[in-house]
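Residues in the sequence shown are numbered from 1 upward in steps of one, following UniProt numbering.
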Amino acid sequence: MTHPFFEGLSPVRYEGPDSDNPLAFRHYDPDAVVMGKRMEEHLRFAVAYWHSFAWEGGDPFGGQTFSRPWYPQDDMAMARVKADCAFDLFDILGQPFFCWHDADIRPEGDSFAESFDRFTQIIDLFEEKMASRKVRLLWGTANMFSHRRWMAGASTNPDPDVFAYAAATVKMCMDATHRLGGQNYVLWGGREGYETLLNTDLASELDHMGRFLNMVVDYQHKIGFEGTILIEPKPQEPSKHQYDFDVATCIGFLRKYGLEGEVKLNIEQGHAILAGHSFEHELALAAAEGMLGSIDMNRNDYQSGWDTDQFPNNTPEVALAYYHILKAGGFGTGGTNFDAKLRRQSLDATDLVAAHVGAMDICARGLKAAAAMLEDGGLESALAERYAGWQTDGAQAMLESDFDSIFARVHAGEVAPQPRSGRQEILENYVNRFV
Ligand code: 3MF
Ligand code: MG
């Protein structure tokens, strides 16, 4: 251990389902083979630097509740302590990846150049720490939503100087991600949207966002970054109307600006809920378009209507998510990032460890259930049966025909629709056997 913060806590081990040790894995066994692949390689867990190390426990009604040895965070020496503690947590959890925003890891400087210098010092430190460990970078990203300069957007800002600042910031973060061997680079447009149309030129803002993302892809090719560029849908919060509303909106946006095939999606459970969808809906839709990249695994409160970013603890939900991920062939460069934070009363270092242990275990249970369902094949055979009519030559020929010929067949009485049960309860009962 580099720092006393996590003193007394040792690396978390798999002890099996009967263990009563609160800080042991009961389902997550990194080496256990599921559908021909180690669990660790399926799930590809990542710890999010922001929620676990930069967030201080505030909510809209009150500020900091946590007390951490790296506070106050506006100091470079503290940024180093924060990195020491973060890597101590990684050593305890043994998860293969982590993620950061620039703003999580370094204090803001008085100028871009100073922020850049501070950021680079921490990236140097990360590189040094990663050299002796197995932990890798799942993705890097730029925080272009917290500082007041971003209040009217980054690439969609009415001020071209902010667009420039955003471009310089993303270049810096892409360079660092590339240098650390990052598997992906993420853009989440928290302020890429608007509060009121009274002051917003929506069409030109969308064009600027499309141009910006094309610049990201051009730069990716220029530096030879082999990871995946991901955008992250969210309907609102902080903006009233966010341009990356949901998976369907993002797909349309990527197509309009010629970025399909270049950019995929980082899909978050909580954002799906805010958009009025289920997580599996968003995953299945992205998979259908070949745009499923990575996930932010958390859970949102179903009543509050905010992005509460809680650690996952619902096996059936998680199982259906992994079902669609496995069905799509699993993660490529993506993974399971815990974009999740403690509750603000969970003050202790142990809480931080326990939250991740529980979340990793729930995901492991979900993965095992998903794999068992896929291997059993019950849902797939029910689907095949339900759509079997489309396998006939007649049905395929109809798709190649036109309205007049279809009309003639229907009019001649050759077609006789027969309503059949959708069997939803039977299928739900089937799923419940596995979760
Ligand atoms: C906000 C989010 C973000 C993104 C992050 C990376 C702070 O609701 O989910 O987390 O995940 O900015 O894109
Ligand atoms: Mg997220």
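Idealized CB from N, CA, C, for every residue including glycine. These numbers were taken from a predicted model, which means no experiment stands behind them.
query, result
"Assign N337 to one of three DSSP states: helix, strand, or coil.", "strand"
"So, under 8 Å CB-CB, N429 and G334 are touching, yes? Tell me the CB distance rounded to an integer number of Å.", "Not really, about 31 Å apart at Cβ, beyond 8 Å."
"If you draw a straight line from the alpha carbon of M78 to that of E375, how long is it in whole angstroms?", "49 Å"
"Are the beta-carbon atoms belonging to A355 and F403 less than 8 Å from one another?", "no"
"Which residues bound the alpha helix (DSSP H) around N429?", "Q424 to N432"
"Using the Cα positions of L202 and Y71, report the straight-line distance between them to the nearest angstrom.", "40 Å"
"My understanding is that F97 touches L125, with C-beta atoms under 8 Å, so please give their C-beta distance in whole angstroms.", "About 18 Å; that fails the 8 Å criterion."
"Specify the secondary structure class of T249 as computed by DSSP and reduced to three states.", "helix"
"For the segment 37-94, which segments carrying the beta strand (DSSP E) assignment without a break, of at least 3 residues, lie completely within its bounds, in sequence order?", "45-48"
"Do I231 and N199 have their CB atoms nearer than 8 Å?", "no"
"Report back the beta-carbon spacing between D91 and P11 to the nearest angstrom; my notes put them in contact at under 8 Å.", "7 Å"
"Would you say D339 and A48 are within 8 Å of each other, going by their C-beta atoms?", "yes"
"Look up T141 in the DSSP assignment and say whether it is helix, strand or coil.", "strand"
"Please go through the same chain and pick out, in chain order, the residues whose beta-carbon is closer than 8 Å to the beta-carbon of residue 454, but skip the five residues on each side of it.", "In this structure the chain extends from 1 to 435, so residue 454 is not present and cannot be described."
"Per DSSP, S294 forms a beta bridge with which residues?", "N266"
"State buried or exposed for H324, treating a residue as buried only when at least 16 other CB atoms are found within 10 Å of its CB.", "buried"
"How should A86 be labelled, buried or exposed, when 16 other C-beta atoms within 10 angstroms of its C-beta is the threshold for buried?", "buried"
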